[in-house]
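The opening residue of the sequence shown carries number 24 in the numbering used here; numbering runs sequentially from there.
A virtual CB, placed ideally from N, CA and C, is assigned to each residue, including glycine.
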Amino acid sequence: MELREKLEILADAAKYDASCASSGTEKRDSREGGLGSTEGMGICHAYAPDGRCISLLKVLLTNACVFDCAYCINRASSNVRRARFSVREIVELTLDFYRRNYIEGLFLSSGIIRSPDYTMEQLVRVARELRETHGFKGYIHLKTIPDADPALLAEAGRHADRLSINVELPQPASLKALAPEKDAGQIRVAMAGLRTRIDEAKEARAEASVTRVALAGGRRAAAPRFAPAGQSTQMIVGADASTDATILDVSSNLYGSYRLKRVYFSAYSPIPDAAAALPPAAPPLVREHRLYQADWLLRFYGFTAPEVMAGGEGGMLDLEVDPKLAWALKHRAAFPVDVNRADREMLLRVPGLGAKTVDRIIAARRVRSFRMADLARLRVSLRKVAPFITALDHHPRGGLLDRADLRTLVLPRDGLAERNAILPAGLLARPVQLPLFAHV
Ligand code: SF4
Numbered sequence: 024m025e026l027r028e029k030l031e032i033l034a035d036a037a038k039y040d041a042s043c044a045s046s047g048t049e050k051r052d053s054r055e056g057g058l059g060s061t062e063g064m065g066i067c068h069a070y071a072p073d074g075r076c077i078s079l080l081k082v083l084l085t086n087a088c089v090f091d092c093a094y095c096i097n098r099a100s101s102n103v104r105r106a107r108f109s110v111r112e113i114v115e116l117t118l119d120f121y122r123r124n125y126i127e128g129l130f131l132s133s134g135i136i137r138s139p140d141y142t143m144e145q146l147v148r149v150a151r152e153l154r155e156t157h158g159f160k161g162y163i164h165l166k167t168i169p170d171a172d173p174a175l176l177a178e179a180g181r182h183a184d185r186l187s188i189n190v191e192l193p194q195p196a197s198l199k200a201l202a203p204e205k206d207a208g209q210i211r212v213a214m215a216g217l218r219t220r221i222d223e224a225k226e227a228r229a230e231a232s233v234t235r236v237a238l239a240g241g242r243r244a245a246a247p248r249f250a251p252a253g254q255s256t257q258m259i260v261g262a263d264a265s266t267d268a269t270i271l272d273v274s275s276n277l278y279g280s281y282r283l284k285r286v287y288f289s290a291y292s293p294i295p296d297a298a299a300a301l302p303p304a305a306p307p308l309v310r311e312h313r314l315y316q317a318d319w320l321l322r323f324y325g326f327t328a329p330e331v332m333a334g335g336e337g338g339m340l341d342l343e344v345d346p347k348l349a350w351a352l353k354h355r356a357a358f359p360v361d362v363n364r365a366d367r368e369m370l371l372r373v374p375g376l377g378a379k380t381v382d383r384i385i386a387a388r389r390v391r392s393f394r395m396a397d398l399a400r401l402r403v404s405l406r407k408v409a410p411f412i413t414a415l416d417h418h419p420r421g422g423l424l425d426r427a428d429l430r431t432l433v434l435p436r437d438g439l440a441e442r443n444a445i446l447p448a449g450l451l452a453r454p455v456q457l458p459l460f461a462h463v
């Protein structure tokens with residue numbers, strides 16, 4: 024089979040894996056020899072329409088798999104065209120694409136070829152050849168097979184920037200039903216093993232750095248390197264009956280227990296000849312989007328999973344409004360919040376105020392009090408924040424927070440009457456002629 028044909032099949036087969044972002048690794052370049060860089064000029068970024076990062080060469084070593092996970096297009100019983108790259112082919116493709124500036128690195132996964140060990144050994148060989156034979160210093164993300172020999176996982180971590188093990192489904196019972204060859208317990212054991220190695224490597228590097236300073240001018244002590252961009256995982260959303268509450272609960276637990284860098288969510292795509300246990304239709308994509316927003320609230324806004332879910336109904340997030348707005352609409356007694364006095368924690372709960380904006384407000388209000396126009400200068404959507412804050416020249420109009428139709432008023436629509444019901448009198452919106460060539 025032609026290389027191009029293989030690439031078509033194996034890049035397409037890899038698109039179902041969402042965990043491909045390349046953030047968070049160490050700075051590394053090739054000024055002292057080698058090839059590639061994890062930062063700076065020459066790294067191209069591209070995003071698929073759904074927002075996923077595709078700046079890596081994202082492929083499978085093979086889509087032929089001896090496992091038969093019901094939700095997977097590549098399962099053993101699936102009737103798809105199969106292809107397999109050799110280790111050499113993947114290495115050459117990566118180097119070739121890198122030199123052409125198409126990619127910033129490699130995301131490599133695989134179906135299970137003969138056994139977990141054999142597959143993991145092949146993945147590790149690709150990374151080893153790139154690093155040791157070709158001095159490749161670009162980004163490498165290796166998908167990790169949890170049942171593989173720990174010695175192989177250890178070597179994978181020495182070469183890769185990031186490792187990931189997919190938990191696949193939120194609940195062990197679903198995994199058992201839909202992917203009987205996988206073992207939820209073994210997945211957790213492997214994640215714990217990676218966490219330990221990542222922590223040890225970080226400590227060793229920190230110690231080496233202290234030693235280097237103490238020896239000032241002496242030789243740099245060698246420190247082991249292990250997946251400096253950490254580990255991540257992916258959960259499929261909508262293949263089983265798990266609610267958003269369960270998914271967020273599991274992801275909080277994964278962040279806490281294994282210090283994952285990211286939990287990615289991938290909306291289930293119906294596949295040909297699917298098992299009867301699987302839903303016939305994909306969940307709405309907006310569900311995946313709301314889960315990402317909720318995940319953001321957990322990681323950067325001080326929300327707990329139950330707090331986020333308090334904005335939804337029946338264990339599901341509100342699909343119509345973002346989770347922070349949904350929470351605020353159900354906790355109106357906590358508002359309005361005074362932008363000139365409130366603490367950071369409370370400002371972070373105001374719909375329309377992002378973490379960076381909150382930090383700017385806190386820094387700026389040391390020297391002056393905020394008016395609505397000051398917020399507008401920070402590009403804050405006044406329409407979104409107005410019902411929930413007070414400023415030097417603003418207090419939500421009488422009874423606004425108690426209005427039964429507040430939800431309708433703050434929904435992201437363009438109705439002039441709705442905007443005017445929310446905005447302070449001095450900032451009432453007027454109909455305007457839209458410019459012909461602006462992005463609206
Ligand atoms: S092991 Fe991976 S590639 Fe193989 S069937 Fe399961 S999910 Fe698909």
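For residue i, the three-state DSSP class (helix, strand or coil)
i      : result
His182 : helix
Glu28  : helix
Pro205 : Looking at the sequence itself, residue 205 is Lys, so the reference to Pro does not match. In the structure shown, Lys205 sits in coil (DSSP, three-state: anything other than H, G, I, E or B).
Thr142 : helix
Thr234 : helix
Arg394 : coil
Arg75  : Confidence at Arg75 is low in this model, with a pLDDT of 47, below 50, so its placement is unreliable and the value that follows should be read with caution. Coil at Arg75, not helix or strand.
Lys199 : helix
Asp382 : helix
Phe323 : helix
Arg388 : coil
Arg98  : coil
Arg123 : coil
Arg105 : coil
Leu175 : helix
Val89  : coil
Arg248 : coil
Val114 : helix
Arg402 : coil
Gly375 : coil
For residue i: DSSP bridge partner residues
i      : result
Glu191 : Met258
Glu336 : Met339
Ala414 : His417
Asp345 : DSSP, once it has assigned bridges, lists no residue as partnering Asp345.
Phe130 : Lys81, His164
Val360 : Ile412
Straight-line gap, residue i to residue j (C-alpha atoms, nearest Å)
i      : j      : result
Glu25  : Phe130 : 21 Å
Leu116 : Glu127 : 13 Å
Gly260 : Leu415 : With the sequence shown as reference, residue 260 is identified as Val, and Gly is not the correct amino acid for it. For Val260 and Leu415, the distance between alpha carbons rounds to 44 Å.
Leu175 : Ala290 : 30 Å
Ala386 : Arg400 : 15 Å
Asp172 : Glu31  : 31 Å
Ser392 : Ala179 : 53 Å
Gly421 : Arg355 : 14 Å
Ala37  : Lys166 : 11 Å
His182 : Ala227 : 17 Å
Arg469 : Ala351 : The displayed coordinates of the chain run from 24 to 463. Any statement about residue 469 would go beyond what the structure contains.
Val362 : Ile384 : 8 Å
Gly337 : Ser404 : 30 Å
Arg104 : Ala229 : 48 Å
Val286 : Asp119 : 31 Å
Ile412 : Arg402 : 16 Å
Ile270 : Val212 : 20 Å
Glu223 : Leu186 : 16 Å
Leu192 : Met395 : 45 Å
Tell me, please, whether the region 142–160 touches the region 92–101 by the rule of three or more beta-carbon pairs shorter than 8 Å.
These segments do not touch.
Any alpha helix (DSSP H) of 4 or more consecutive residues that is wholly inside the region 261–315:
Within the region 261–315, the complete alpha helix (DSSP H) runs of at least 4 residues are 267–281.
Three or more C-beta pairs closer than 8 Å, one from the region 253–267 and one from the region 303–319: is that the case here?
When Cβ pairs closer than 8 Å are counted between the two stretches, the region 253–267 is seen to touch the region 303–319, the count reaching three or more.
Stretch-stretch touch, CB-based, cutoff 8 Å, three pairs: the region 327–346 with the region 278–290
Flag = no, the region 327–346 and the region 278–290 do not touch.
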